[in-house]
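Heads up: the structure comes next, in structure tokens.
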Amino acid sequence: MADVIWTWIAALLTLCVFSFMYKDNPLYKFAEHLMVGVTGGYLICLAWFEVIRPQVVNPIMKDPAAWFAGLQFIPVIMMLLMLARLGEKTAWLARFPLAFIVGFSAGVQIPQVIDAEVLKQVQSTVQVGFDGGIAQVAGDLLLVVGTICALMYFFFSMPRKRVLKWTSQFGVLVLMAGFGASFGYTVMARISLLIGRVLFLMRDWLHVIS
Amino acid sequence: MRSCRCCPVFFETHGETWNLKKILPVAFASLVGLFSLVQYFVPHPSLAGIFRELNRWGVFIFAGALVMGTISLVRHHLQKVASKDKNWPYSLVTLVSLFATAGIGLVTGMERGTLFNDIFVNVLMPTEATMFSLLAFFIASASFRAFRARNLEATVLLLTAVIVMLGRVPIGRLLWSGMPGVANWLLDYANTAAKRAIMIGVGLGIAATAIKVLFGKERSYMGDDG
Amino acid sequence: MSTLAAKLENLDRRWIFLLVAVSVIVPFLYPMNLPVRPTKPVKQAFDAVEALAGTGKPLLLSYDFEPGGDAELGPVARALLTHAFARDIPVVVINFMPAGAGLAENDLKRTAAKFNKVYGKDYIFLGYNPSVLNALLLMGREVRDAFPTDSTGRVLDSYEIMKDVHSYDDFGLVVDISSSIQPEYFIRYAVTRFGAKLVLGATAVMASDFYPYLQAGQCKGLIGGMKGAAEYERLLLDNNMMARLGDGMRGMDSQSLAHAVIVLLIVLGNLSFFLGRWKRGGHHG
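What follows is the structure, encoded as structure tokens:
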């Protein structure tokens, strides 16, 4: 019985949100605000059960002296400094944890990004095989020429004349093909999300399909 | 352009008033950033130990951000209720559901089979999933109204999109047996070339911005007066 | 002709909404059973998981999507879990998206129950970590630094499945199923820095962006959205690891018809555009 009631609640909330398709209305607003509230409550529980309890409370309860001697209070202070942002006069203190995150990410990213997203990509472009059937050879050629030309399009330090003009124009076409692929896939993604809801309504709620 | 007296290389002041509230966080970011960069090239166990600790700090700070976001949300809606703002009853819905969910979760735990999990599955999941599914209708409407073959570039975009749309689903093969092959070819080569060029550009951009952070030139993370 | 163009230009968008809704609903009532054929990136992903069978090495599965992406990525995750459990591959699940923890908890326990798998021995859920960057770096040396306990709050050493598992080296394969930024982090840190073997599951919106990684060999397979899940389910059915259609394959008829409708809308939109332009050109002439 409880399952049926919950399914009805889920279905009615689904319909409340779908009612927005006709126009904005109180049912939609109710569902929207309910979702925000439940998400907030969910985040509180998640922060407690997944981070604060296992990483702060449990170690303190287990051995407070070791926790203190191991300087484990420093990350807790950093965590609390984030909350300083809520006060007008204390907001500047939150710059320290933010500066830490930004500085740390910057430092670790430099070698990794250059390796994974620049060098490895260049390497994989120049090492294409040019073997297989005609479609694959043409594809490999397009991959090499297309990547170079699309990069030329992003090169703004010289006037677009002669070679740079033609290559960057071809680069734009390659970029458009890439954006077209993204758009096609985006349509696919959005339709899939709708299918998920329709499947729920027709199978789990109305039982019109098995 | 003037420089900060304590560290003229890192902190060009651009005529701003500098004080410790600004200098210390920027210096902190530079110090932490330089350390995390250096330790990549110096795999000494002592540096690895410090690196491990710094990583744990990061986890705590993100947890703090999670808590701060929730408190900020509560404060925002409390203000709306207190001032009887327009639509304040909806803010009340948010507050009641937030405290009820948190209270139930803290008592029952989050595992499958609890009341908290039932709320997650039957309230949070359908509302969020349906909100995202609305995009299906809007993208269809946008395709009809704005997706025009106005020039060569737009035509290439449109044709690729249509081929991918049809070639990646079973109906494409029914319309023309070669459709999936063409769609896959476009994805494997033309799409890869375009995305790779963007990736290389973005990668270089990230590295350049990171270097600016290390030298205190990039300070937008400090907020309005950073 | 010009009247038709004007009518199309001024069409109330709610008619379009209705058309899309009908195109999604009707195939569920009258299935066409269109065949789904697996593509190369999905086959590669399937083979990478299949290669784990018998090695005893666990699969690390990162559940990085929220309810908004569940329709697309839930079937991907469930297909992967089904594959792993059917082949007796131990599964360790982690999560970096807040609401993904609830999805992982439910999918994992529901799928495990179908195969009579035991928590802590055959599978485990390590829970949520708020910082993907820091957690992935910590896991390069020790999983326990990023996840000191599992999602129930017990230390990892108390579970059999985690006995010899410490870093990426101890996992046979890492799979990230994501609707957000996590794949880039997995590529940069887990793969590039620590040499992990990675398969990506991504929303269709993101899938086309990951082809450069696939071509460069930085990820060993790619499962894109609900269609990718349908292809994976097809492979599971062909290999007798699945008894009936999953949500991915069930949705493919609707997906097909809705795509056809949207292509039709694009054609109609362009028709009205060119008719309008022709009419304006005629007036000027």
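Residue numbers (the numbering used here), protein chains in the order written: chain D, 1 to 210; chain R, 1001 to 1226; chain E, 2001 to 2285. For each residue, glycine too, the CB sits at the ideal point set by N, CA and C.
For residue 2252 of chain E, the nearest beta carbon of chain R is closer than 8 Å to its own beta carbon.
Contact annotation: residue 2267 of chain E and residue 2185 of chain E have beta-carbon atoms that are not nearer than 8 Å. If you draw a straight line from the Cα of residue 5 of chain D to the Cα of residue 1117 of chain R, it is about 15 Å long. Within the model, the alpha-carbon separation for residue 2174 of chain E versus residue 1079 of chain R is close to 45 Å. Look at residue 2095 of chain E here: in three-state DSSP terms it is strand.
Listed as beta-bridge partners of residue 1137 of chain R by DSSP are no residues whatsoever. Not a single CB atom of chain E sits nearer than 8 Å to the CB of residue 19 of chain D. By the rule that beta-carbons nearer than 8 Å mark a contact, residue 1214 of chain R does not touch chain E. Contact check between the segment 1185-1198 of chain R and the segment 134-150 of chain D: three or more CB pairs, one atom from each, fall below 8 Å, which counts as touching. Beyond the five residues adjoining it in sequence on each side, residue 2128 of chain E comes within less than 6 Å, by CB distance, of 2095 and 2101 in the same chain, given in chain order. Secondary structure at residue 2159 of chain E: coil, using DSSP grouped into helix, strand and coil. The contact set of residue 1074 of chain R on chain E, defined by CB atoms closer than 7 Å, is empty, because the minimum CB distance reaches about 17 Å. Along the segment 2129-2141 of chain E, the positions whose C-beta sits under 8 Å from a C-beta of chain R are 2129, 2130, 2131, 2133, 2134, 2135, 2137, 2138 and 2141, read in chain order.
Identification of residues in the segment 2192-2215 of chain E having a C-beta nearer than 9 Å to some C-beta of chain D yields 2192, 2193, 2203, 2204, 2205, 2206, 2207, 2208, 2209, 2211, 2212, 2213 and 2215, given in sequence order. By the C-beta criterion, the segment 2050-2060 of chain E is judged not to be in contact with the segment 1169-1181 of chain R, since fewer than 3 inter-stretch pairs fall below 8 Å.
When only Cα atoms are considered, residue 43 of chain D and residue 1053 of chain R end up about 25 Å apart.
Counting only residues of its own chain and dropping the five nearest sequence neighbours on each side, residue 2032 of chain E has a CB closer than 6 Å to the CB of 2253.
Sequence-distant partners of residue 2086 of chain E (beyond 5 residues in either direction) whose C-beta falls short of 6 Å from its own C-beta, in its chain, are 2241. E:2258 is the residue among E:2258, E:2279, E:2277 and E:2264 whose C-alpha sits nearest the C-alpha of residue 2026 of chain E. Not one beta carbon of chain R lies nearer than 8 Å to the beta carbon of residue 2085 of chain E. Scanning chain E for C-beta atoms nearer than 8 Å to the C-beta of residue 1171 of chain R yields 2034, 2256, 2257, 2259 and 2260, reported in chain order. In the structure shown, residue 209 of chain D adopts coil according to DSSP, grouped into three states. In this structure, the alpha-carbon of residue 2277 of chain E lies about 16 Å from that of residue 1144 of chain R. Against chain D, the CB of residue 2072 of chain E has a partner CB under 8 Å away; the residue lies at that interface.
Only buried fits residue 2122 of chain E, as 16 or more other CB atoms lie within 10 angstroms of its CB.
Taking a Cβ-Cβ cut-off of 8 Å, the neighbours of residue 1058 of chain R in chain E comprise 2131, 2133 and 2134, given in sequence order. In the same chain as residue 160 of chain D, and ignoring 5 residues on each side of it, the C-beta atoms closer than 7 Å to its own belong to 168, in chain order.
In the three-state scheme derived from DSSP, where H, G and I count as helix and E and B as strand, residue 2149 of chain E is classed as strand. When DSSP reads this structure, residue 2178 of chain E sits in a beta bridge with E:2064 and E:2202. Between the segment 51-63 of chain D and the segment 1032-1052 of chain R there are fewer than three C-beta pairs closer than 8 Å, too few to call the two in contact. Under a criterion of Cβ atoms nearer than 7 Å, the residues of chain D adjacent to residue 2149 of chain E are, in order, 54. Within 10 angstroms of the beta-carbon of residue 2247 of chain E lie 16 or more other beta-carbons, which makes it buried. The criterion of a C-beta distance shorter than 8 Å is not satisfied by residue 185 of chain D and residue 2230 of chain E. Burial check for residue 25 of chain D: the Cβ neighbour count within 10 Å stays below 16, so the residue is exposed. For residue 2125 of chain E, DSSP records a beta bridge to E:2093.
Under a criterion of Cβ atoms nearer than 8 Å, no residue of chain E is adjacent to residue 1085 of chain R; the nearest Cβ is some 28 Å distant.
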